[in-house]
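In our numbering, the protein residues as written are 115 to 222.
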Amino acid sequence: AAVTWSKAWGAIAESTCKECRVGTYQPAVGQANVSVCIPCAPGKYSALTGVDSCVACPAGTWTDEFEATTCKICPASKWSHSLGARLEGNCVSCSGSSCLAEGSAQVT
115 AAVTWSKAWG
125 AIAESTCKEC
135 RVGTYQPAVG
145 QANVSVCIPC
155 APGKYSALTG
165 VDSCVACPAG
175 TWTDEFEATT
185 CKICPASKWS
195 HSLGARLEGN
205 CVSCSGSSCL
215 AEGSAQVT
């Protein structure tokens with residue numbers, strides 16, 4: 115079930131509840147307002163509403179933004195094997211056919 119909040123104290127109708135927006139999360143249920151939705155930290159994102167945690171950017175991507183809804187792709191001829199990269203500087207130069215594409219996560 116999605117994590118939700120409601121301004122209605124003691125609300126029992128699910129229709130009064132709202133999900134935290136994309137780019138935010140809330141691990142606890144029964145919150146009173148949208149201000150309890152926590153922005154995803156750099157290196158993490160949330161593309162869905164109502165989540166209880168943000169997801170680390172996958173290898174080959176990064177984000178330096180708070181409240182990210184996607185991760186940025188490493189440029190061509192650069193790669194990153196780390197999860198949750200916060201800076202484009204985590205994408206390092208490489209050579210070889212396996213790292214020519216944007217978002218390369220592995221060098222062979």
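From the three backbone atoms N, C-alpha and C, an ideal C-beta is built for every residue, glycine too.
Rounded to the nearest whole angstrom, the C-alpha separation of residue 198 and residue 167 is 13 Å. In the three-state reduction of the DSSP assignment, residue 150 falls in the helix class.
By the neighbour-count definition (other C-beta atoms within 10 Å, threshold 16), residue 182 is a buried residue.
At a Cβ-Cβ threshold of 9 Å, residue 188 and residue 174 count as neighbours. Rounded to whole angstroms, residue 161 and residue 184 show a C-alpha spacing of 6 Å. Counting only the Cα atoms, residue 170 lies some 24 Å from residue 145. Counting other Cβ atoms within 10 Å of its Cβ, residue 157 reaches 16 or more and is therefore classed as buried. Here residue 207 is bridged, per DSSP, to 192.
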